[in-house]
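Enquirer:
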Amino acid sequence: MNIGVYPGSFDPLTSGHMDVLRRAAALMDRVVVGVLINTSKTPFFSIEERIAFIKEAIDAEGIKNAEATHFDGLLVAFAQKVGARHIVRGLRAVMDFEYEFSISSMNKRLAPGIDTVYFMAEPEHSYLSASIVREVGGFGGSIDGLVPDVNKSKIIERLS
Ligand code: PNS
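Per this note's numbering, the very first residue in the sequence shown carries number 1; after that it's consecutive.
Here it is in structure tokens:
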């Protein structure tokens with residue numbers, strides 16, 4: 001079975017994340033979205049909210065082979081625990097490359113049997129990030145199309 005983990009902060013899930021998840025789920029047998037419990041960062045949305053957004057979006061799209069959970073500690077340990085051979089990440093523009101190159105190299109060193117695979121962002125998502133969603137939504141701007149429709153009203157309610 002070809003299992004992938006899709007890790008991130010997802011603070012909150014964006015339409016760009018969802019596009020990557022949809023494409024990974026089409027390629028792999030099972031995709032486990034892992035929301036990092038990061039003690040060094042204070043996320044805006046709680047871990048429960050972030051997981052609930054992902055589960056709602058997965059259900060709304062009827063993606064049968066994807067699920068969401070949390071993890072802490074090393075990503076490769078989480079991947080090994082769920083039996084994943086692949087780590088899934090999205091790549092937007094050159095700005096992502098350096099960071100992604102360093103974490104994928106470190107993960108490869110820690111767990112040579114696990115490969116990171118990248119999905120290039122669709123052009124309409126190339127500028128999109130969770131922090132932009134928080135900023136625009138927080139100032140009352142439209143986040144239509146930037147987050148899954150099913151999550152939108154809850155995100156707006158929390159940001160305003
Ligand atoms: O969405 P993000 O915040 O860019 O995701 C970053 C993430 C979760 C992929 C990264 O911070 C991570 O894997 N953290 C777990 C700790 C770890 O494994 N570090 C070693 C690789 S650098």
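Each residue gets a CB set at the ideal place from its N, CA and C atoms; glycine is no exception. Computed from a prediction, not measured in an experiment: that's the story for all the values here.
1) DSSP state of L21, grouped into three classes?
2) On a CA-only basis, which of F45, E56, K64, H125 is nearest N151? Give me that one, please.
3) What does the shell around ligand 1 hold, if a residue joins when its beta-carbon is under 5 Å from any heavy atom?
4) Along the chain, where does the alpha helix (DSSP H) that runs through G138 open and close?
5) Can you name, in chain order, every residue of its own chain whose Cβ lies under 8 Å from the Cβ of I51, other than the five neighbours on each side?
6) Buried or exposed: A24, going by 16 or more other Cβ atoms within 10 Å of its Cβ?
7) Please confirm whether D167 and A121 have their CB atoms less than 9 Å apart.
8) Please list the segments of the beta strand (DSSP E) lying wholly inside the stretch 92-122, counting only runs of 3 or more residues, in order along the chain.
9) To the nearest angstrom, how far is it from the Cα of G73 to the Cα of V5?
10) Which two residues bound the contiguous beta strand (DSSP E) that contains V147?
11) For F53, is the beta carbon positioned less than 8 Å from some heavy atom of ligand 3?
12) Would the stretch 6-14 count as touching the stretch 138-156 if we require 3 or more Cβ pairs under 8 Å?
13) Give the straight-line distance between the Cα atoms of Y127 and G113, rounded to the nearest whole angstrom.
14) Please state if the CB of E49 and the CB of R134 are separated by a distance shorter than 9 Å.
Expert: If we stick to the structure as given:
1) Mapped onto the sequence shown, residue 21 falls at position 21. Helix at L21.
2) Counting from 1 along the sequence shown, the entry for residue 151 is found at position 151. Out of F45, E56, K64, H125, E56 has the C-alpha closest to the C-alpha of N151.
3) P7, G8, S9, L36, L74, L75, I103, M106
4) In the sequence shown, the residue the question calls residue 138 occupies position 138. Per DSSP, G138 belongs to the alpha helix (DSSP H) from 130-138.
5) Start at 1 with the first residue of the sequence shown, and residue 51 comes out as number 51. Within the same chain, I51 has close Cβ partners V35, A68, T69, H70.
6) By 1-based counting over the sequence shown, the position of residue 24 is 24. A24 should be labelled buried.
7) In the structure as shown, the chain starts at 1 and stops at 160, and residue 167 therefore has no counterpart that could be examined.
8) 115-120
9) Position 73 of the sequence shown holds residue 73. Position 5 of the sequence shown holds residue 5. Those two C-alpha atoms are separated by around 14 Å.
10) If you number the sequence shown from 1, residue 147 lands on position 147. No beta strand (DSSP E) contains V147, which DSSP labels as neither H nor E.
11) The ligand content of the structure shown is limited to ligand 1, which means ligand 3 is not among them.
12) yes
13) Position 127 of the sequence shown, counted from the start, is the residue given in the question as residue 127. Position 113 of the sequence shown, counted from the start, is the residue given in the question as residue 113. If I take the Cα positions, the gap works out to 32 Å.
14) Translated into the one-based positions of the sequence shown, residue 134 becomes position 134. Translated into the one-based positions of the sequence shown, residue 49 becomes position 49. Taking 9 Å as the Cβ cut-off, R134 and E49 do not qualify as a contacting pair.
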